[in-house]
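S.K.:
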Amino acid sequence: MKTREPATNAWRRASSLPFQKLDEEILVVDPRTRSVHLLNPSATRIWELLQTPASEARLLVSLCAEFDAPVEAIRADLVRSLGELEEKGLIGRDEVPRGGEGPADAAPERRGPA
Amino acid sequence: MHEPGSAQTELLLSMGGVVGHFGLDGAPGPFVAQLMERYGPYAIPVAPWVQRTFSVRVSFAAASPMTDPRVRAGEVAARPLRVEETDARVKINRWDFSVALDSVARPRAVEGASEGAGDGSRFVGGGTCQMNPFAFDSLLRVLWATFLPRAGGALFHACAFRIDERGVIFPGESGAGKSTLARKLPEPERILTDELVAVSRGPIGQWRISGTPFWGEFQRGGGSLRSWPLAGVAFLEQSSALDARAIAPAEAAFRLLACLLCFRADADTAARNLAIAVDVCKEVPCLVLRSRRESPIEAIEGALEAHLDLAPSGPGRGIAPGQPQPADRGSGSRRRPRLSTRPSAREMISEFRWFLKARGRYAFTPRGSSMKPWLRDGDSLFVESTDASRIVPGDIVLYWTPGRRPEDDRLTCHRMVARRQIQRGPSRGPRIYVKGDALSAIERFDDGRESEVLGRVSAVSRDGRAIPVPGRVGNLARLAGSLVATPFLKMVGR
Chain A
4 MKTREPATNA WRRASSLPFQ KLDEEILVVD PRTRSVHLLN PSATRIWELL
54 QTPASEARLL VSLCAEFDAP VEAIRADLVR SLGELEEKGL IGRDEVPRGG
104 EGPADAAPER RGPA
Chain B
7 MHEPGSAQTE LLLSMGGVVG HFGLDGAPGP FVAQLMERYG PYAIPVAPWV
57 QRTFSVRVSF AAASPMTDPR VRAGEVAARP LRVEETDARV KINRWDFSVA
107 LDSVARPRAV EGASEGAGDG SRFVGGGTCQ MNPFAFDSLL RVLWATFLPR
157 AGGALFHACA FRIDERGVIF PGESGAGKST LARKLPEPER ILTDELVAVS
207 RGPIGQWRIS GTPFWGEFQR GGGSLRSWPL AGVAFLEQSS ALDARAIAPA
257 EAAFRLLACL LCFRADADTA ARNLAIAVDV CKEVPCLVLR SRRESPIEAI
307 EGALEAHLDL APSGPGRGIA PGQPQPADRG SGSRRRPRLS TRPSAREMIS
357 EFRWFLKARG RYAFTPRGSS MKPWLRDGDS LFVESTDASR IVPGDIVLYW
407 TPGRRPEDDR LTCHRMVARR QIQRGPSRGP RIYVKGDALS AIERFDDGRE
457 SEVLGRVSAV SRDGRAIPVP GRVGNLARLA GSLVATPFLK MVGR
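Residue numbers (the numbering used here), protein chains in the order written: chain A, 4 to 117; chain B, 7 to 500.
(1) Given a limit of 7 Å on CB to CB distance, which residues of the stretch 441-470 of chain B reach chain A?
(2) Grouping DSSP H, G and I as helix and E and B as strand, with all else coil, what is PRO34 of chain B?
(3) What in chain B is Cβ-close to SER19 of chain A, meaning under 7 Å?
(4) To which residues does DSSP link GLN427 of chain B through a beta bridge?
(5) Beta carbons nearer than 7 Å to chain A: which residues of the stretch 240-267 of chain B have them?
(6) Return helix, strand or coil for TRP234 of chain B, following the three-state DSSP convention.
(7) In whole angstroms, what separates the C-alpha of GLY86 of chain A from that of ILE253 of chain B?
(8) Identify, in the order they occur along the chain, each residue of the same chain with its Cβ nearer than 6 Å to the Cβ of TRP101 of chain B, setting aside the five sequence neighbours on each side.
(9) If you measure between the beta carbons of ALA204 of chain B and ILE215 of chain B, is that distance less than 8 Å?
(10) For ARG37 of chain A, return the contacting residues in chain B, with the cut-off set at a CB-CB distance below 8 Å.
(11) Between GLU87 of chain A and chain B, is the shortest Cβ-Cβ distance under 8 Å, so that the two count as touching?
(12) Please classify TRP213 of chain B: does DSSP put it in a helix, a strand, or coil?
(13) DSSP three-state label for ALA68 of chain A, please.
(14) Applying the criterion that 16 or more other CB atoms from any shown protein chain within 10 Å of the CB defines a buried residue, is PRO75 of chain B buried or exposed?
(15) Run through chain B and tell me which residues come within less than 7 Å of GLU28 of chain A, C-beta to C-beta.
(16) Here's the rule: buried if 16 or more other CB atoms are within 10 angstroms of the residue's CB, otherwise exposed. What is ASP71 of chain A?
(17) Let me know the secondary structure DSSP gives ALA106 of chain B once reduced to three states.
(18) Could you say which of B:PRO235, B:VAL239, B:PHE260, B:PRO192 lies nearest to PHE22 of chain A if we only look at CA atoms?
(19) Straight-line CA distance for VAL25 of chain B to THR134 of chain B?
(20) Taking its Cβ as the centre, do 16 or more other Cβ atoms sit within 10 Å of PRO36 of chain B, making it buried, or is it exposed?
(21) Whose Cβ in chain A lies nearer than 7 Å to the Cβ of ALA276 of chain B?
(22) So GLU201 of chain B and GLY173 of chain B are supposed to be a Cβ contact under 8 Å. How far apart are they, rounded?
(23) When you compare the CB of GLY124 of chain B with every CB in chain A, is at least one pair closer than 8 Å?
(24) Under 9 Å between beta-carbons, which chain C residues line up against VAL284 of chain B? List them in chain order, please.
(25) Provide the residue span of the beta strand (DSSP E) that contains ARG88 of chain B, from first to last.
(26) Do THR59 of chain B and PHE153 of chain B have their C-beta atoms within less than 8 Å of each other?
(27) Taking CB distances under 8 Å as the criterion, tell me whether LEU280 of chain B reaches chain A.
(28) Confirm, please, whether the CB-CB distance from LEU248 of chain B to ALA305 of chain B is below 8 Å.
(29) Considering only residues of the same chain and omitting the five flanking positions on each side of ALA17 of chain A, which have a CB-CB separation below 8 Å?
(30) Within 10 angstroms of its Cβ, does ILE397 of chain B collect 16 or more other Cβ (buried), or is it exposed?
(31) What's the call for ASN279 of chain B, buried or exposed, on a 16-neighbour Cβ count within 10 Å?
(32) Interface residues of chain B around LEU41 of chain A at Cβ under 7 Å?
(33) Over the uninterrupted alpha helix (DSSP H) stretch that includes CYS287 of chain B, give me the two end residues.
(34) Could you tell me whether the stretch 424-436 of chain B touches the stretch 353-361 of chain B, where touching means 3 or more Cβ pairs closer than 8 Å?
(35) Find out if the Cβ-Cβ distance for the pair LEU18 of chain B, VAL52 of chain B is shorter than 8 Å.
(36) Within the continuous beta strand (DSSP E) that includes ILE355 of chain B, where are the two ends?
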């Protein structure tokens with residue numbers, strides 16, 4: 004039987020931000036602030052994982068499955084990246100009811116609206 | 007009804023493939039002349055059949071005197087620039103101008119709207135503008151920044167020039183050194199702009215760049231609407247040493263977006279701009295160019311050539327009969343490689359007009375047989391710059407007739423038969439009658455409206471000799487000879 008996480012704050016992308024992936028980096032445009040953000044590969048991967056809202060724990064599980072690095076190092080990188088993305092207004096937090104979180108292994112979005 | 011001394015005229019401008027038609031109402035002659043002089047290099051004859059992107063009728067109102075800067079600041083703050091845009095409507099409003107255009111599928115039912123859908127415009131509208139060249143220039147910038155992206159292009163804050171037959175843009179924000187770089191070029195005809203460049207897709211999908219009349223510090227610049235294949239994007243940075251390094255498309259697009267001229271801040275516009283910047287940077291080499299203020303242009307071009315493909319890549323072409331070519335290939339002219347892509351006839355003729363005006367004379371190799379037997383196969387013509395007010399019957403004149411599409415434009419060399427001065431109505435101005443010596447029909451055009459007189463033939467180059475065209479008496483004799491074959495009724499009927 005699948006276990007569910009307790010109610011938590013799920014990270015989600017700020018709505019309607021156009022973006023495009025180029026090689027290993029993603030460009031995100033924020034029309035509200037008329038700013039452009041170039042995400043590094045780590046932030047790019049987190050952005051892709053946030054195609055559906057996900058908790059920090061769910062993101063950590065996904066990243067640990069992908070990267071051969073100590074969990075603590077990945078966690079530190081994740082926390083820093085989430086903080087920076089939130090500071091720039093590219094992501095936010097929603098309170099998600101029990102079981103309302105999307106799958107951690109959702110296919111990442113490859114291309115934003117053109 | 008127009009006030010005495012006011013003028014109603016029209017202006018048809020083309021930049022980056024976007025053709026905008028302006029009805030200029032209520033502006034006095036000197037103001038219109040000022041606009042014509044500034045935007046003339048990008049103007050095409052206002053023929054009603056030319057396909058237009060938009061058509062707007064602008065009523066000019068006297069600019070209010072600004073005695074108190076605080077009053078002006080208050081007025082500006084109260085009505086900042088606001089651009090509203092949907093698929094069917096574009097509305098632009100600022101303290102000193104206001105226009106609204108509707109898609110011709112839903113014509114704007116307001117008094118003062120421009121000509122109807124019959125002129126081929128996709129958007130039609132009207133509005134007002136203060137009679138101030140700065141205000142009209144700002145309006146043009148906003149219009150092209152709005153309509154160029156709809157056609158898949160954009161205006162970028164960039165200096166741009168060509169190296170041989172390829173163009174390079176140098177985006178940078180204010181102070182990056184765009185104007186300084188442009189001033190380094192010894193050949194002004196290679197500079198497309200020092201402030202805003204139009205980037206658009208050419209007919210075969212290749213990115214092309216063209217100059218604009220929007221130069222730094224409101225200087226007048228640019229000579230024609232000719233576009234060039236985009237060979238690269240070089241972002242300017244000031245440094246203590248000259249250096250160029252390639253950058254990845256993501257970084258380039260990040261930088262380029264910051265230089266894209268856009269007056270809207272919504273998600274759809276942002277997505278469109280992002281797509282344009284990404285496409286440019288994926289398809290064209292991008293680099294960062296660091297240079298000193300004193301770096302010579304030769305060294306800068308050398309640094310660029312190490313990264314950019316500036317050689318022609320496709321099948322080239324020589325100068326074909328009917329194509330303009332310099333009359334003077336003196337020691338100052340550079341050897342040009344063959345073109346990899348052919349510009350439209352409109353662009354070529356516009357460039358020919360520029361060179362003809364700048365140099366005073368130019369050589370032209372005509373095609374066709376309409377001027378036989380006066381003109382023989384293989385003849386070249388020396389053309390001197392002139393306008394419709396200075397030509398007389400008997401002169402062989404060269405005139406530009408735009409087509410519906412840029413590739414349909416043509417340059418014609420026929421003998422002038424007569425002139426009439428139209429006093430009123432939209433055709434007000436000189437009406438020119440012309441005829442090919444070998445043709446029986448006489449054609450007519452309203453100068454500036456249907457065609458534009460560019461020059462008069464002064465000599466013929468034949469078998470290595472330059473034969474001067476005879477003076478007025480000789481020309482009239484030739485004219486009389488060619489008219490013998492013209493039915494009198496046909497002439498009267500014109």
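Just so it is clear, CB atoms sit at the ideal spot from N, CA and C, and this is done for glycine as well.
M.R.: According to the structure data:
(1) none
(2) Within the second sequence, residue 34 of chain B is the residue found at index 28, counting from 1. DSSP places PRO34 of chain B in strand when its eight states are reduced to three.
(3) For this step, residue 19 of chain A is matched to residue 16 along the first sequence. Within 7 Å Cβ-Cβ: ALA273.
(4) For this step, residue 427 of chain B is matched to residue 421 along the second sequence. Its beta-bridge partners are B:PRO436.
(5) ALA254, PRO255, ALA256, GLU257, ALA259, PHE260, LEU263, ALA264
(6) On the second sequence, residue 234 of chain B is found 228 positions in, with the first residue counted as 1. Correct three-state label for TRP234 of chain B: strand.
(7) The count along the first sequence starts at 1 and reaches residue 86 of chain A at position 83. The count along the second sequence starts at 1 and reaches residue 253 of chain B at position 247. Using only the alpha carbons, I get a separation of about 28 Å.
(8) In the second sequence, the residue the question calls residue 101 of chain B occupies position 95. Once the five neighbours on either side are set aside, the close Cβ partners of TRP101 of chain B are GLU81, VAL82, ARG85.
(9) Counting from 1 along the second sequence, the entry for residue 204 of chain B is found at position 198. Counting from 1 along the second sequence, the entry for residue 215 of chain B is found at position 209. Yes, the Cβ-Cβ distance between ALA204 of chain B and ILE215 of chain B is below 8 Å.
(10) Along the first sequence, one-based indexing puts residue 37 of chain A at 34. What ARG37 of chain A touches in chain B: ALA271.
(11) In the first sequence, residue 87 of chain A corresponds to position 84, counting from 1. No, no contact with chain B.
(12) In the second sequence, the residue the question calls residue 213 of chain B occupies position 207. Three-state DSSP puts TRP213 of chain B in a strand.
(13) As a first step, residue 68 of chain A is located in the first sequence; it is residue number 65 there, counting from the start. Helix, per DSSP.
(14) The count along the second sequence starts at 1 and reaches residue 75 of chain B at position 69. The residue is exposed, with fewer than 16 neighbouring Cβ atoms inside 10 Å.
(15) Mapped onto the first sequence, residue 28 of chain A falls at position 25. Per Cβ cutoff of 7 Å: ALA256.
(16) Translated into the one-based positions of the first sequence, residue 71 of chain A becomes position 68. With fewer than 16 Cβ atoms within 10 Å of its Cβ, ASP71 of chain A is classed as exposed.
(17) If you number the second sequence from 1, residue 106 of chain B lands on position 100. Strand at ALA106 of chain B.
(18) Numbered from 1 along the first sequence, position 19 holds the residue referred to as residue 22 of chain A. The residue with the shortest Cα to Cα distance from PHE22 of chain A is B:PHE260.
(19) Reading the second sequence from its first residue, position 19 is the one you call residue 25 of chain B. Reading the second sequence from its first residue, position 128 is the one you call residue 134 of chain B. Rounded to whole angstroms, VAL25 of chain B to THR134 of chain B spans 20 Å at the Cα level.
(20) In the second sequence, counting from the first residue as 1, residue 36 of chain B sits at position 30. PRO36 of chain B should be labelled exposed.
(21) Counted from its first residue, the second sequence places residue 276 of chain B at position 270. Here the neighbours are PRO21, VAL32, PRO34.
(22) Taking the first residue of the second sequence as position 1, residue 201 of chain B is located at position 195. Taking the first residue of the second sequence as position 1, residue 173 of chain B is located at position 167. The Cβ separation is near 15 Å, so there is no contact.
(23) What you label residue 124 of chain B is simply residue 118 of the second sequence in a count that begins at 1. Here GLY124 of chain B scores only 49 on pLDDT, less than 50, and its place in the model should not be relied on; the value that follows carries that caveat. Judged by the 8 Å Cβ criterion, GLY124 of chain B is not in contact with chain A.
(24) Here chain C cannot be found, since the structure's protein chains are A and B.
(25) For the purposes of this step, residue 88 of chain B is taken as the residue at position 82 of the second sequence. Note, ARG88 of chain B: beta strand (DSSP E), 88-91.
(26) What you label residue 59 of chain B is simply residue 53 of the second sequence in a count that begins at 1. What you label residue 153 of chain B is simply residue 147 of the second sequence in a count that begins at 1. Yes, Cβ-Cβ distance for THR59 of chain B and PHE153 of chain B is below 8 Å.
(27) To locate residue 280 of chain B, count along the second sequence from 1; it is residue 274. Yes, LEU280 of chain B lies at the interface with chain A (some Cβ there is under 8 Å from its Cβ).
(28) Reading the second sequence from its first residue, position 299 is the one you call residue 305 of chain B. Reading the second sequence from its first residue, position 242 is the one you call residue 248 of chain B. Contact flag set, yes.
(29) Along the first sequence, one-based indexing puts residue 17 of chain A at 14. Only ASP33, GLY92, LEU93, ILE94, GLY95 meet the Cβ criterion.
(30) Walking along the second sequence from the start, residue 397 of chain B turns up at place 391. Under this definition ILE397 of chain B is a buried residue.
(31) As a working note, residue 279 of chain B is residue 273 in the second sequence. With 16 or more Cβ atoms within 10 Å of its Cβ, ASN279 of chain B is classed as buried.
(32) Against the first sequence, residue 41 of chain A aligns to sequence position 38. Result: ALA256, GLU257, PHE260.
(33) Mapped onto the second sequence, residue 287 of chain B falls at position 281. First-last of the alpha helix (DSSP H) with CYS287 of chain B: 273-289.
(34) no
(35) The residue given as residue 18 of chain B occupies position 12 in the second sequence. The residue given as residue 52 of chain B occupies position 46 in the second sequence. Yes, these two residues count as a Cβ contact at 8 Å.
(36) Position 349 of the second sequence, counting from 1, holds the residue named residue 355 of chain B. ILE355 of chain B -> not in any beta strand (DSSP E); alpha helix (DSSP H) instead, spanning 351-365.
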